[in-house]
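Some notes on the structure that comes next.
Residue numbers (our numbering): 11 to 247.
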């Protein structure tokens, strides 16, 4: 059985103008189903002055210009997004290398507080850990914030969540310490080293609204937290 083609009903060139006009009147969506014809049609350059006459040429040109602007805008947005993602990825890789060179917990805390903000274009970086019964001298290193038990889950918004992005929220002094006053937007990522070490948070804060927001991808910042966990396991015995 032969499949019916959509263009099978296109008038034959031998048909009269009246027949073509009648066909188009019965199929008002013809150009919608065949938009490629808009680029090859040759409408008149001007119309006789008359009431109710539509300048089809101006309409077609307007539609084509709108389509060109839309495609151009999409391409520019894609290029900008790709460049931004590549830049963020490169800066994250640099931050990872700095964290891996830390020789102890104090060095890791300094890397997070001093190096990561400049590399990741934020204002404050901090490592925090919940209190625990076991004595862990490494977690008493300068620059590490201590949190009450259960605080990490509260910061994440639930025990099953590993990341919280706050687009406009004052910094928590319990997390950001003396730098809390600078923080307007923040990213908090759960750190779970295991091995008897309590859960913690890798916290990044910015003074700018929407540096972090709910629609943002979290893959790179979670990867950064996983690297931090690897470093912590080396120092907390």
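All C-beta atoms in this analysis are idealised placements derived from N, C-alpha and C, irrespective of residue type, glycine included.
Specify the secondary structure class of residue i as computed by DSSP and reduced to three states.
i	result
residue 155	strand
residue 224	coil
residue 84	helix
residue 250	In the structure as shown, the chain begins at 11 and stops at 247. Residue 250 is therefore absent and cannot be evaluated.
residue 79	helix
residue 24	coil
residue 144	coil
residue 248	Missing from the structure shown is residue 248; the chain here goes from 11 to 247 and no further.
residue 193	coil
residue 111	coil
residue 90	helix
residue 42	helix
residue 246	coil
residue 168	coil
residue 30	helix
Please list, in chain order, all residues of the same chain as residue i whose beta carbon is under 8 Å from its beta carbon, the five residues on each side excluded.
i	result
residue 178	194, 195, 219 and 220
residue 141	156, 157, 158, 159 and 208
residue 99	230
residue 68	none
Pull up the DSSP beta-bridge partners for residue i, would you.
i	result
residue 149	Bridge partners of residue 149: none, in fact.
residue 139	156 and 210
residue 173	199
residue 204	207
residue 134	215
Should residue i go down as buried or exposed, given a rule of 16 or more other Cβ atoms within 10 Å for buried?
i	result
residue 136	buried
residue 42	exposed
residue 176	buried
residue 31	exposed
residue 26	exposed
residue 96	exposed
residue 126	buried
residue 102	buried
residue 164	exposed
residue 35	exposed
residue 182	buried
residue 88	exposed
residue 14	Low local confidence applies: a pLDDT of 46 at residue 14 is under 50, so the model's placement there is unreliable, and no value is given.
residue 128	exposed
residue 119	buried
Leaving out five residues before and five after residue i in sequence, what residues of the same chain have Cβ atoms less than 6 Å from its Cβ?
i	result
residue 242	203
residue 149	139
residue 121	108, 109 and 112
Let me make sure I understand the geometry here. Which of the options has the alpha-carbon closest to that of residue i?
i	options	result
residue 138	117, 83 and 185	185
residue 153	129, 165, 117 and 163	117
residue 226	94, 187 and 75	94
residue 190	213, 144 and 113	213
residue 115	81, 147, 79 and 24	147
residue 205	29, 239 and 223	239
residue 211	192, 180, 228 and 161	161
residue 222	131, 145 and 143	131
residue 133	188, 169, 200 and 106	188
residue 215	124, 143 and 244	124
residue 106	232, 246 and 245	232
Any C-beta of chain C sitting closer than 8 Å to the C-beta of residue i?
i	result
residue 234	Absence of chain C from the displayed structure is noted, only one protein chain being present.
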